[in-house]
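One line per chain: the protein sequences are A and B, in this order. The first sequence begins at 1 in the working numbering and counts up one residue at a time. The second sequence begins at 1001 in the working numbering and counts up one residue at a time. Working notes, beginning with the structure itself.
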Amino acid sequence: MDLGKAHETAYLGWKGASMIDNEKNIQTMRRIFKAVEQRDEKAMLELCQPDVDFFWPRSLPYGGEFRGLKGPGPSWGETWIPLQPTEAEQRMDPRVVAATDKEVVVLWKQRGITASGDRFEGPVLALYALRDGKLTRAQMFYFDTAEVADFLRRASEIAVASSSDPSVCFVYPDSDTKWINSNNTSPVRDE
Amino acid sequence: MSDNFLPGMPRQFCSDRRPIGTAKMEKWTFRITTQPGILLARVRNSTRNRNSAGGRKMSISGWASLLLSVGLFLGVAEFAIPQNPEESKQTDGEAILKKELQNSKTILAIFRAIEERNDAQPLQFFQPDFEIHWPPSLPYGGTFTGLKPSPNGWSATWEPLQPTEAERKMDAQVVSARGDDVVVLWRQRGLSPRGDRFDGEVLSLYRFREGKLARAQMFYFDTTAVATFLARPKRP
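Written out as structure tokens, the structure reads:
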């Protein structure tokens, strides 16, 4: 496949011109990861478009496609924050692997620990689209959603077993397992 | 997959273009080509150009010259790349961009070879110690080194489920390239003997070394959905 000199020139010119936007987008994504790690909701709101779309794998408790920072069911935060008691689990180690003037790809780590001490750590390659310097679309590709789902199922069972109020839980997607909502903030999700 | 595909680039850049002239003004030379409605400022030397962005503004006569040049080309002077002639040497930045472009072309050639079941051609694109990472929960999951096909590998698993071109099509798009890394969004498709279809997104991260593919890691959007499809009965 030979794109030819003309294509190469066009590509180099375009890439050079878009570098400033690329850098802006990279900075926005770094601030977003910092906001998530530091649980800074205000910063998150400032860095996302109001109509931001999130795409999570459907096999996870917070899976599906949602518009806005709060979806209809349990959110990523409601699921993972109880499993991230210390900075070690909250750390995401984001690494920008690619960027254009419209999209940024970040490789980050999803970490968690159950009440019984089981740890999870897995890579996520996420594709982010930005508009006017703010996040407008996010799609998360976990390396192995089956492993994530297994870990969350185990964590849920441990949480249910140790909970004094087992009614505060919601249905785990594609299974009969109940997932404890330790923040007690979301209604039961009926898939 | 188009031969004209350029990674991450808007589609209007993906056609052939040839310079039809140049326009000089002050310290800049503008190259005029025949693409519509685009004015690009090419950064040849990042430090110098960062300074120039704030300090080296074109005068009124400069702008008039540009408009005149445009007129001379009867309104077809549509794509201009400002170049500082003193900075004509290839910079490190440009070398990196060229490498990114070459890596992107290589990865698309590999995808095409996979779609066309061309087993021989792609070997030249791989490092001998090429490493591939598949999600552990899949039948072909794990980390493998080398190019020897496995009896339970991706090809052995998916080829029986891809009887026609429709399933073999991967629609690979280079999202972007950065240094030695290239990210590709592609589709995994399959058709079971019972007629069940699978069509899911995969975001792959590739690392090159000396122009050859050294590492690949596949991130299916939902491995559970893939595993469920693959676990279905093999016979109708």
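Here a beta-carbon is modelled for each residue, glycine too, at the ideal position from N, C-alpha and C.
- At a cut-off of 7 Å between beta-carbon atoms, P57 of chain A makes contact with chain B.
- Of the candidates A:F120, A:L125, A:Q38 and A:R154, the residue whose Cα lies closest to the Cα of M140 of chain A is A:L125.
- With 16 or more other Cβ atoms inside 10 Å of its own Cβ, R1178 of chain B counts as buried.
- About 5 Å separates the beta carbons of R1189 of chain B and E1167 of chain B, which is inside the 8 Å limit, making them a contact pair.
- About 6 Å separates the CB atoms of L135 of chain A and Q49 of chain A; that is less than 8 Å, so the two are in contact.
- Apart from the 5 residues on each side of it in sequence, K109 of chain A sits with its Cβ closer than 8 Å to the Cβ of R91, M92, D93, E121, G122, P123 and V124 in its chain, given in chain order.
- At a cut-off of 7 Å between beta carbons, T1143 of chain B makes no contact with chain A.
- The beta carbon of D1180 of chain B sits closer than 6 Å to the beta carbons of R1207 and F1208 from its chain, once the five residues preceding and following it are set aside; these are given in chain order.
- Rounded to whole angstroms, the separation of the alpha carbons of R153 of chain A and E46 of chain A is 33 Å.
- Here the C-alpha atom of M29 of chain A lies approximately 12 Å from the C-alpha atom of R131 of chain A.
- For S162 of chain A, the enclosing alpha helix (DSSP H) covers residues T145 to S162.
- Your pair A1109 of chain B and F1125 of chain B checks out as a contact, with CB atoms roughly 7 Å apart and the cut at 8 Å.
- By the Cβ criterion, the segment 1113-1124 of chain B is not in contact with the segment 1191-1198 of chain B, since fewer than three pairs of Cβ atoms, one from each stretch, lie closer than 8 Å.
- At a C-beta separation below 9 Å, F1126 of chain B has no neighbours in chain A, since its nearest C-beta there lies roughly 17 Å away.
- Collapsing the DSSP output to three states places S1176 of chain B in a strand.
- Closer than 7 Å to the CB of A146 of chain A there is at least one CB belonging to chain B.
- Given a length threshold of 4 residues, each whole run of the alpha helix (DSSP H) inside the segment 1183-1232 of chain B is given here in chain order: 1223-1231.
- Q1217, F1219, Y1220, F1221, D1222, T1223, T1224, A1225 and A1227: these are the residues of the segment 1214-1230 of chain B whose beta carbon lies less than 8 Å from some beta carbon of chain A, given in chain order.
- Residue contact with chain A for V1184 of chain B: absent (no Cβ-Cβ distance below 7 Å to any residue of chain A).
- Per the Cβ contact rule, the segment 1136-1156 of chain B is not in contact with the segment 1168-1177 of chain B (fewer than 3 Cβ pairs under 8 Å).
- Proximity to T1223 of chain B across B:V1202, B:L1097, B:A1214 and B:P1163 peaks at B:V1202, based on C-alpha coordinates.
- With respect to the C-alpha of A98 of chain A, the residue from A:K34, A:D40, A:T114 and A:A129 having the closest C-alpha is A:A129.
- Closest option to A1227 of chain B, judged by alpha-carbon separation, among B:R1215, B:G1141 and B:T1164: B:G1141.
- Within 8 Å of the CB of T136 of chain A, no CB atom of chain B is found; the nearest one sits about 15 Å away.
- Boundaries around M140 of chain A are those of the beta strand (DSSP E), K134 to Y142, since no alpha helix (DSSP H) includes it.
- The beta-carbon of D1181 of chain B is placed less than 7 Å from the nearest beta-carbon of chain A.
- One alpha carbon belongs to A115 of chain A, the other to D1119 of chain B, and they sit about 49 Å apart.
- Beta-bridge annotation (DSSP): D1181 of chain B is paired with B:R1178 and B:R1207.
- Of all alpha-carbon atoms in B:W1186, B:S1137 and B:A1216, the one lying nearest the alpha-carbon of A1225 of chain B is that of B:S1137.
- Residue-level contact by beta carbon fails for P1122 of chain B and chain A, as no gap is shorter than 7 Å.
- Per DSSP, K1098 of chain B is one residue of the alpha helix (DSSP H) stretching across D1092 to E1115.
- Shown here, D51 of chain A sits in a strand according to DSSP, grouped into three states.
- Beta-bridge analysis with DSSP links Q110 of chain A to A:G122.
- Between E103 of chain A and T1106 of chain B, the alpha-carbon positions lie close to 21 Å from each other.
- Against chain B, the CB of F54 of chain A has no partner CB under 7 Å away; the residue lies outside that interface.
- Taking CB atoms only, L1205 of chain B has a neighbour in chain A less than 7 Å away.
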